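Final position of the sequence shown in numbering that gives the first Met the number 0 is 388; the numbers increase by one with none missing.
Glycine included, C-beta positions come from ideal geometry on N, C-alpha and C.
Computed from a predicted model, the values in this text were never measured in an experiment.
Take a look at the structure below.
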Amino acid sequence: MVVKIYPKTYRIYASLQAGRSSFDIPICHDFLPKALFLPFALSARARDYPAPATRPRLKRSETIPMKHFRPIDRDEVGDCLSKILQSRTFARSGRLRAFLKFIVETEQLGLARKLKGYTIGLDVFGRDSTFESGGDPLVRVQAGKLRRLLGRYYADEGREDPIHIRIPLGAYIPVYERQGADLPTSETGLRDLLPPPSGLYASPAGQQSPPQHRHSQAALPSLLVTLSAKPARQARIYANAILLAAEQLPGIRLVSSLSSDTRDVLAFAVLIEAHETSLSVSLQHQSTGEVIDIRTIAATSMDTTDQLAGQANQFVARTMTLAGLIYRYCRSKGLTTLLMDGLQATYDYRLDGSEASYQRARFSQLRLAHPKTPAEIVTSLAGVRDLAR
0 MVVKIYPKTY RIYASLQAGR SSFDIPICHD FLPKALFLPF ALSARARDYP APATRPRLKR
60 SETIPMKHFR PIDRDEVGDC LSKILQSRTF ARSGRLRAFL KFIVETEQLG LARKLKGYTI
120 GLDVFGRDST FESGGDPLVR VQAGKLRRLL GRYYADEGRE DPIHIRIPLG AYIPVYERQG
180 ADLPTSETGL RDLLPPPSGL YASPAGQQSP PQHRHSQAAL PSLLVTLSAK PARQARIYAN
240 AILLAAEQLP GIRLVSSLSS DTRDVLAFAV LIEAHETSLS VSLQHQSTGE VIDIRTIAAT
300 SMDTTDQLAG QANQFVARTM TLAGLIYRYC RSKGLTTLLM DGLQATYDYR LDGSEASYQR
360 ARFSQLRLAH PKTPAEIVTS LAGVRDLAR
């Protein structure tokens, strides 16, 4: 008999072999504490522990809580909450004090399942029974303000607090985290299970070696959009359209001048040149001079501003998105940073929601946030960038 453990569904199966057939029989999983499975959830890979085919896909607003080995008792949480409510940071924010008090006390009573936008709208903000949390952004807006105010508190008055209260993105259930030396030894040990960084800092032997240019692991590819000496009107429109589209992308950093360091391996440039009857657009890797993409736009595609903008948007989608040529080039050359890996893995998980992509996204986010351990997977790309701060 072989015992199989599925970490994300907290199931144990006994695999029985009968001749050429095998059967998986679920056993004793309903009463086992989920904390027992945490080491497997962090260290197991999807190919070793495949999830059942019936596992539902994760929605954007869902979070997956992960508990500490050493629980934080109610008295500790109560003391932490009282200190926050009496702080100078929260002194002028009565609504946010009520919001925080309500969600913490409700969670401590074991009623976390009731912490929905509708319930908070009624009990905290005085909305009537006709309130629709989906159409009224009140609770979401106030939750964002509460997260920012908590961040301000822990950056100043609460920086020495042994326990931090955090409101995960996409949820209203508070998470409690021990800080500094108060972290359990067992949890600290879990961090050793994380795979070593890859990409820009990893050598084949697993030892960290200096890259051509030592970027922060939170670095993103930089992009400069340039025009020829005497740009035509169409070239300026095309360049502006690229800039407007690229501003919305989570994985690209726009710059206004070329890097002075020719070893900057994450620097890219777009050159737009106007000809008599066409535009030529090229994407180049700065440190090597390698042309990654080049295309020509005929005069028939430049008659209107909308046509030029459409051509520019297609170029951006082809080259600058997480599935575009810049990221593919960086992966092929081993130039990716932890932030780039985290964005790519989270993007892949959002696309298919499989167990394999979940594991990759979770590991990438844990490496990015190290030494902190996020309590749940982040499903928004903006949230992944926040982990690197």
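Counting only unbroken stretches of 4 or more residues, the alpha helix (DSSP H) elements lying wholly within the region 114–186 are 116–122 and 137–154, in sequence order. For residue 148, the closest C-alpha among the options 99, 351, 357 and 273 is that of 99. With a contact defined as Cβ atoms closer than 8 Å, residue 345 and residue 377 qualify at about 7 Å.
For the 8 Å CB-CB criterion, residue 101 and residue 152 do not form a contact. Beta-bridge pairing by DSSP links residue 292 to 282.
Counting every other CB atom within 10 Å of its CB across the protein chains shown gives residue 254 a total below 16, marking it as exposed. Nearest to residue 273 by C-alpha distance, out of 310, 364, 282 and 237, is 237. For residue 71, the closest C-alpha among the options 122, 176, 354 and 340 is that of 176.
Residues 233 and 307 of the same chain have their beta carbon placed closer than 6 Å to that of residue 301, with the five preceding and five following residues left out of the count.
Using a Cβ distance threshold of 8 Å, residue 364 and residue 386 count as a contacting pair. Collapsing the DSSP output to three states places residue 386 in a helix. Residue 222 is bridged by DSSP to 253 and 267. In this structure residue 341 touches residue 367 by the C-beta definition: roughly 4 Å separates them, less than 8 Å.
Between residue 222 and residue 251, the C-beta spacing is below 8 Å. CA-to-CA, the gap between residue 142 and residue 329 works out to about 37 Å.
Between the beta-carbon of residue 116 and that of residue 132 there is about 3 Å, and that keeps the pair under the 8 Å contact cut. Around the beta carbon of residue 293, a 10 Å sphere encloses fewer than 16 other beta carbons of the protein chains shown; the residue is thus reported as exposed. Selection 245, 281, 219 and 145 evaluated against residue 91 yields 145 as nearest (Cα-Cα). Within the same chain, and ignoring the five residues on either side of residue 174 in sequence, the residues whose Cβ sits closer than 8 Å to its Cβ are 64, 164, 165, 166, 167, 374 and 375.
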